[in-house]
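Numbering (the UniProt record's numbering), first residue to last: 1 to 355. Reviewing the structure listed below.
Written out as structure tokens, the structure is:
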């Protein structure tokens, strides 16, 4: 290799090294500029907006924010946390007789399974301890709130619909009973009701199975208005009570079926606009299981667990609604956090908007 070739090779190597150094330097500069010294995005132009404070339900059913560092910089060093742990331990060590007696002494409902009454007492004692604390941590101040949406009413409903002994995959359930109870969250009582039967369109003749299950007679649906008129009357009923205007409310059901498999398909079938207030709601059965940390079962099972019996006829929409309201009342009295726990899928709503 001649000296000229050696110098050319040496120059090429130097050029390659220089390019490599420039590329690496540029990458490091961009990385440091974008993330800053702590590895977090800097600047407002391209950074994501901060999420609102999130929360969770703790073992006693109280609402607790996830940002513990902001609420208690010391990491739960406040003496009240030790007191709350002691209260929970005390309740867990009680026998059933002791639990019931303590509840009676406090003027609380003593009926229910061991799991239910233990939860009831623990939640009550924890709430009282927090309320009596002069300066509790912020997250605990927030935890005594059981109605974070500021609701004034609940609309408790349980639709009955056409059905077969074995429903085909493409079967459309048409609403044949439309009962709604107006539950006042201040008085915890049923203040009013809307009730109507509906005449089905696709399957006007009820099957024997449907009639036996629901107790609805053929003549009751034959003389009833179609869903379009019933829903129009229901909307007028809401407006007359300022529900959705001045007064805030949420729907309450026993499961997702009433909204997802009844109301939504019925609105599509009847070409009625699906109401915004039905896009999210409270599922009392799901709430029951998460709050009491027990298997909820069906409506009768939930009533039995809280020491009550089903009143009326099962699968009668109005009677089912009344019993759902009783379960809901007990949940609220026991300190359960009222929160939306069912949501309509956005893609399903979008498909309805396009149709």
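We treat Cβ as the ideally placed atom computed from N, Cα and C, and that holds for glycine. In this text the structure is predicted, and so the values were computed from the model without any measurement.
| field | Any chain C beta carbon closer than 7 Å to residue 281 | value | The structure shown has no chain C; it contains just one protein chain.
| field | Residue(s) in a DSSP beta bridge with residue 280 | value | Along the chain shown, read from residue 1 onward, the residue named residue 280 stands at position 280. Answer by DSSP bridge pairing, in chain order: 343.
| query | Taking the alpha-carbon positions, what's the residue 114 to residue 288 distance? | reply | Sequence index remark: in the chain shown, residue 114 carries index 114 (1-based). Sequence index remark: in the chain shown, residue 288 carries index 288 (1-based). Whole-angstrom Cα-Cα distance: 15 Å.
| said: Once the 5 residues before and after residue 151 are set aside, which same chain residues still bring their CB inside 8 Å of it? | reply: For the purposes of this step, residue 151 is identified with residue 151 of the chain shown, where counting begins at 1. Once the five neighbours on either side are set aside, the close Cβ partners of residue 151 are 185, 248, 249, 250 and 338.
| message | Tell me the rounded alpha-carbon separation between residue 231 and residue 348. | response | Along the chain shown, read from residue 1 onward, the residue named residue 231 stands at position 231. Along the chain shown, read from residue 1 onward, the residue named residue 348 stands at position 348. Their Cα atoms are separated by approximately 21 Å.
| query | Would you call the stretch 237 to 247 and the stretch 206 to 218 touching, i.e. three or more CB-CB distances under 8 Å? | reply | no
| task | Using three-state DSSP, classify residue 357 as helix, strand or coil. | result | Since the first residue of the chain shown is 1 and the last is 355, residue 357 is not available in this structure.
| query | By Cβ distance, which residues of its chain are closer than 7 Å to residue 352, with the 5 residues on each side in sequence left out? | reply | Here residue 352 is taken as the residue at index 352 of the chain shown, counted from 1. 268 and 274, listed in sequence order.
| Are the beta-carbon atoms belonging to residue 117 and residue 292 less than 7 Å from one another? | Taking the chain shown and counting its residues from 1, one reaches residue 117 at position 117. Taking the chain shown and counting its residues from 1, one reaches residue 292 at position 292. Going by C-beta atoms, residue 117 is not nearer than 7 Å to residue 292.
| said: Please classify residue 160 as buried or exposed, where buried requires at least 16 other C-beta atoms within 10 Å of its C-beta. | reply: As a first step, residue 160 must be located in the chain shown, where it is residue number 160. Classification of residue 160: buried, given that the 10 Å Cβ count is 16 or more.
| query | Does the distance from the CB of residue 170 to the CB of residue 321 come in under 7 Å? | reply | If you number the chain shown from 1, residue 170 lands on position 170. If you number the chain shown from 1, residue 321 lands on position 321. Not in contact: residue 170 and residue 321 (Cβ atoms no closer than 7 Å).
| Helix, strand or coil: which one does DSSP assign to residue 245? | Locating residue 245 in the chain shown gives position 245, counting from the first residue. Reduced to three states, the DSSP call for residue 245 is coil.
| When DSSP builds the beta bridges, which residues end up paired with residue 182? | For the purposes of this step, residue 182 is taken as the residue at position 182 of the chain shown. For residue 182, which the question treats as bridged, DSSP gives the partners 155 and 192.
| query | Quick one: complete alpha helix (DSSP H) runs, 4+ long, within the stretch 302 to 333? | reply | 317 to 333
| request: Label residue 61 either buried or exposed according to how many other C-beta atoms from any shown protein chain fall within 10 Å of its C-beta, with 16 as the threshold for buried. | output: Along the chain shown, read from residue 1 onward, the residue named residue 61 stands at position 61. Its pLDDT being 44, under 50, residue 61 is placed unreliably by the model, and the measurement read from it follows with that caveat. Under this definition residue 61 is a buried residue.
| query | How many angstroms separate the CA atom of residue 190 from the CA atom of residue 325? | reply | Numbered from its first residue, the chain shown carries residue 190 at position 190. Numbered from its first residue, the chain shown carries residue 325 at position 325. Taking the straight line from one Cα to the other gives about 8 Å.
| Reference residue 81, options 136, 222, 173 and 319, closest by Cα | Locating residue 81 in the chain shown gives position 81, counting from the first residue. The residue with the shortest Cα to Cα distance from residue 81 is 136.
| message | So if DSSP puts residue 199 in a beta bridge, which residue, or which two residues, is it bridged to? | response | Counting from 1 along the chain shown, the entry for residue 199 is found at position 199. In DSSP, residue 199 forms a bridge with 226.
| Leaving out five residues before and five after residue 296 in sequence, what residues of the same chain have Cβ atoms less than 7 Å from its Cβ? | Locating residue 296 in the chain shown gives position 296, where the first residue counts as 1. Here the set comprises 285, 288, 289 and 302.
| said: So, at 6 Å on beta carbons, what are the nonlocal neighbours of residue 313 in its own chain, with the 5 sequence-adjacent residues on each side left out? | reply: By 1-based counting over the chain shown, the position of residue 313 is 313. Excluding positions up to five away in sequence, the list reads 215 and 319.
| query | Out of 272, 197 and 156, which has the shortest C-alpha to C-alpha gap to residue 256? | reply | On the chain shown, position 256 is the one that residue 256 refers to. If we check each option's Cα against that of residue 256, 156 comes out closest.
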